[in-house]
Structures are given as C-alpha cells and as structure tokens.
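Step one of this worksheet: look at the structure below.
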Amino acid sequence: MFDKYKAQGWWPIITEVVSTEKETSTKDQSKWICKYGLAAPRNQEEAFEIAIGAILTQNTSWKNVEKALINLKSSGNLSIEKISSMPLKNLENLIKPSGFYKQKALRLKEFSKFVLSFGSMRNFIEKIDRETLLKQKGIGHETADSILLYACKQKQFVADAYTKRIFSRIGLIKKDTKYEEVKKSFEENIPKNLEIYNEYHALIVEHAKQFCNKKPACEQCPLSKLCKKMI
DNA sequence: AACCAGGACGTGA
DNA sequence: TCACGTCATGGT
65 MFDKYKAQGW WPIITEVVST EKETSTKDQS KWICKYGLAA PRNQEEAFEI
115 AIGAILTQNT SWKNVEKALI NLKSSGNLSI EKISSMPLKN LENLIKPSGF
165 YKQKALRLKE FSKFVLSFGS MRNFIEKIDR ETLLKQKGIG HETADSILLY
215 ACKQKQFVAD AYTKRIFSRI GLIKKDTKYE EVKKSFEENI PKNLEIYNEY
265 HALIVEHAKQ FCNKKPACEQ CPLSKLCKKM I
C-alpha cells in the first residue's frame, strides 16, 4: 500500500491560506483548507483539533468534517476554552455540516471539559490512559485510539471498519471479529513503532476509499493478487 | 433517488 | 452478550 499511495502524513490539519493576488488586495482574501503531511500535532492546539476531528468524523465522511472544522477555526472557536464555554446552540450550528450535530455538540463540550479537568491539553496528553478515555460518553474504541495515537502519540493501533473490511476480504481475519481482537492482532504482528501505527492506519483509509469501498474495484486494486476477495 | 460516510449509545431479547 | 434502531448532513 505504501508503494502505491506513498506517505499520507496524518493527521490532516485545517490551515489558512492567504491569497497573494494584488488586484483584489482591498479585501483580505483568505481561505481555509485541510492540509496533510504537516507531521501534526506540532503544538497543543493541533492536538486538540485532532481530538475534535476524531469525534466529528464518527460515521461521517471527512469532507463534511472539514466544513465543520473550518467553521470552528475561521470563527475563532476551535479551542478548549471556547468549545467548553460557548452556548450549545452556537456550537451546534457551527458543526452542523458534520451530521449528528446535536449529540456531537454535546460530546465536544463534554470532551473539552474533560480535558480542562486535567488542567491543560499538555497535561491531558501526558496523563491520559485508554481506560479512562473510554469511560467518556461519546468516545468508543476507534475514537479513543485515534485520539491516543494521533493527538497523544501513544502506540495504539486504530482498527476501524475499513481495517476490518479490507483484511476480512483479503482473508486474514473473519468479518465478525470484534474491534479489540482486530486491534490486538495488528499490534502483535506489526512493529511496535509510532510512525508505523500512524501511517498504517492512514494507508488503510486511503486504500478503502480508492478501491476497497462498499462496492470494491477489484480490477484496478493493487492488492488484487494477494486478496481472496471474500466480499 | 437510494445509498454511504474514518461510530457510539440505548434498548430489549 | 448481541442484534437493531437512532442520530443527520452532504456527496455520488
């Protein structure tokens, strides 16, 4: 997969692009895009954004999550303090494009307050463990592992639905294998290395999007030869 | 116009 | 434990 897709450079981060065109310089023409390959998180703000993105992307396409994140960021509300203190209705409106916006607004607020209970994002990153994180409402296995791996740099393999779909089709696991078991088998069979955990999951997502989606494109798939195609 | 998207939770069996 | 309904917007 790496040969095919190259390094993914997760996690993606929302960044402001300032236009340098002179003709329209009367207005401050800036736009926001989602950028990969930044070696994020480079600071606590990005770590927090990653956690927020992990919650927003629950059963939702990343494209819709981008819209929600840009709404938050461009309005200056993508911070622990703002999300935990702003009116619920405002938050709901900002994240509406990501879907399930009422429950997600609550989850974002609860999570932000949870981080605040550690004192700061830095302390949260230092102290948080998987069991404690899983007790938070709205944070299940995958979201927890995404936050721990990509925001906190802990060696936790993210075994999402894509992972199960690809590797059950290939024939390496059964399709009814539970999350914790899939996670364990990966952690036992690939090098215990942060970069590899990071990149491996990102490649799985890319592969699932390009070829191994619900209706797979097996003809063009780079893994076609080694796959048992157990659709 | 159905169907799907980087899930999680509450419920009843 | 486990299958099933619910939550919701935007793209194909």
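First residue of the first sequence: 65, per our numbering; consecutive thereafter. Virtual Cβ for every residue (Gly too), placed ideally from N, Cα, C.
Terminal residues of the continuous alpha helix (DSSP H) containing residue i?
{"i": "I97", "result": "Where I97 is concerned, there is no enclosing alpha helix (DSSP H), although the beta strand (DSSP E) it sits in stretches over 94-99."}
{"i": "E245", "result": "243-253"}
{"i": "T121", "result": "Taken as a continuous stretch (DSSP letters only), T121 belongs to no alpha helix (DSSP H), as it is neither H nor E."}
{"i": "K177", "result": "165-180"}
{"i": "V269", "result": "258-274"}
{"i": "A281", "result": "No alpha helix (DSSP H) holds A281; DSSP gives it neither H nor E."}
{"i": "K153", "result": "152-159"}
{"i": "A104", "result": "It is not in any alpha helix (DSSP H) - A104 carries neither H nor E in the DSSP assignment."}
{"i": "N128", "result": "126-138"}
{"i": "N187", "result": "185-191"}
{"i": "F66", "result": "66-69"}
{"i": "A208", "result": "205-210"}
{"i": "Y226", "result": "225-234"}
{"i": "K146", "result": "144-149"}
On the DSSP bridge assignment, give the partners of residue i in chain order.
{"i": "V82", "result": "S94"}
{"i": "I77", "result": "K99"}
Which term fits residue i, buried or exposed, when burial requires 16 or more other beta carbons within 10 angstroms of its beta carbon?
{"i": "N107", "result": "exposed"}
{"i": "I295", "result": "exposed"}
{"i": "Q284", "result": "exposed"}
Expressed to the nearest angstrom, what Euclidean distance is found between the alpha-carbon atoms of residue i and residue j?
{"i": "K173", "j": "I203", "result": "12 Å"}
{"i": "S94", "j": "K293", "result": "46 Å"}
{"i": "E206", "j": "I116", "result": "13 Å"}
{"i": "N257", "j": "H265", "result": "13 Å"}
{"i": "K131", "j": "I237", "result": "35 Å"}
{"i": "E268", "j": "K146", "result": "Going by the sequence as given, residue 268 is Ile instead of Glu. Distance between the alpha carbons of I268 and K146 is about 33 Å."}
{"i": "K99", "j": "D193", "result": "28 Å"}
I'd like to know whether the C-beta atoms of residue i and residue j end up nearer to each other than 9 Å.
{"i": "W75", "j": "I114", "result": "yes"}
{"i": "K242", "j": "S232", "result": "no"}
{"i": "F221", "j": "I254", "result": "yes"}
{"i": "L197", "j": "Y261", "result": "no"}
{"i": "V179", "j": "I230", "result": "no"}
{"i": "S162", "j": "N128", "result": "yes"}
{"i": "Q200", "j": "F164", "result": "no"}
For residue i, verify whether its CB is less than 8 Å away from any heavy atom of the ligand GTP.
{"i": "M185", "result": "Questions concerning the ligand GTP fall outside what the structure shown contains, since it holds no ligand whatsoever."}
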